[in-house]
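Following: one structure in structure tokens, then a few remarks.
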Amino acid sequence: MFRRFFGGGVPAELDGVLASEEHVVATAGLRPSGFLYASSLGLWVPAQEGQRRVGWHLISKVTWGNGVLEVVEARESGTAGDAVLLADERPVRYQLERPNKLPDVVHNRVNGSIRSRHRRDLPGGGVWFVQRKVPGRDGIVLQVRPDPGSDEEAVRRVAAEVAAKIREALQ
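Note that the numbering used here gives residue 397 to position 93 of the sequence shown, counting from 1, and the numbers run on in steps of one.
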């Protein structure tokens with residue numbers, strides 16, 4: 305138990321599942337049981353069987369207050385040119401028994417993955433364009449997260465145009 309809170313090796317739950325270059329940087333116990341682990345590549349959350357990693361680039365929002373870490377995970381729903389289209393999942397709330405430094409690490413890693421962000425209004429809603437660094441990979445990825453109800457065709461068209469302009473600017 306001491307090693308889980310203060311370091312000193314790979315937690316038993318993650319032994320054999322961490323990538324070769326991945327390391328745990330913060331841990332917090334959950335109520336009533338379980339743990340969250342922040343690694344160099346993402347946030348390890350409880351799953352049906354063991355733990356699963358959510359990459360820092362796939363966390364749309366994280367908030368911390370009153371002992372609860374609320375995480376909004378995004379799933380990749382498609383592509384438009386070089387852009388990756390995202391859709392937010394429902395927020396998941398984790399009640400932390402002892403937060404330690406985990407909330408600060410998560411906040412810093414999520415925000416640290418963002419290189420730029422821009423919002424644009426479209427028919428039926430708006431869309432966020434976010435350029436992010438994906439841990440463990442070279443380069444930047446353009447993520448496009450539309451508001452619910454946004455015109456899907458308009459989102460795809462504008463996302464592909466923005467991705468093409470970025471690609472041209474980098475050449």
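Note that the Cβ used here is the ideal one computed from N, Cα and C, for glycine as well.
Host beta strand (DSSP E) of residue i (start-end)
i	result
Glu-317	Taken as a continuous stretch (DSSP letters only), Glu-317 belongs to no beta strand (DSSP E), as it is neither H nor E.
Leu-340	339 to 343
Gly-371	From DSSP, Gly-371 is part of no beta strand (DSSP E); its letter is neither H nor E.
Enclosing alpha helix (DSSP H) for residue i [first to last residue]
i	result
Val-438	No alpha helix (DSSP H) holds Val-438; DSSP gives it neither H nor E.
Ala-473	456 to 474
Gly-385	Taken as a continuous stretch (DSSP letters only), Gly-385 belongs to no alpha helix (DSSP H), as it is neither H nor E.
Neighbour-count burial assignment, residue i, 16 or more Cβ in a 10 Å radius
i	result
Val-321	exposed
Glu-374	exposed
Leu-474	exposed
Arg-413	buried
Thr-367	exposed
Gly-369	exposed
Gly-333	buried
Glu-377	buried
Ala-316	exposed
Gly-354	exposed
Arg-471	exposed
Arg-357	buried
Beta-ladder partner(s) of residue i, from DSSP
i	result
Trp-432	Arg-423 and Arg-449
Ile-363	Glu-377
Pro-350	Gln-355
Arg-402	Gly-333
Cβ of residue i within 7 Å of any chain D Cβ
i	result
Val-358	Included in the structure is just one protein chain, with no chain D present.
Presumed contact (8 Å Cβ cut-off) between residue i and residue j, rounded CB distance
i	j	result
Val-264	Val-462	Nothing about residue 264 can be reported from this structure: the residues present for the chain run from 305 to 475 only.
Ala-467	Ala-384	7 Å
Asp-386	Leu-426	Not really, about 19 Å apart at Cβ, beyond 8 Å.
Residue i beta carbon near the ligand SAH (any heavy atom closer than 6 Å)
i	result
Gly-354	No copy of the ligand SAH appears in this structure; indeed no ligand is present at all.
The region 382 to 395 in contact with the region 403 to 410 per 3-pair CB rule at 8 Å: These segments do not touch.
Meets three-Cβ-pair contact criterion under 8 Å: the region 377 to 393 and the region 440 to 450: Enough Cβ pairs lie closer than 8 Å, so yes.
At least 3 beta-carbon pairs within less than 8 Å: the region 322 to 329 vs the region 343 to 358: Using a C-beta cut-off of 8 Å, the region 322 to 329 makes contact with the region 343 to 358, since at least three inter-stretch Cβ pairs fall below that distance.
Touch test, the region 436 to 448 against the region 360 to 367, Cβ-Cβ under 8 Å, three pairs minimum: Flag = yes, the region 436 to 448 and the region 360 to 367 touch.
Touch test, the region 419 to 433 against the region 346 to 354, Cβ-Cβ under 8 Å, three pairs minimum: Output reads no: the region 346 to 354 does not touch the region 419 to 433.
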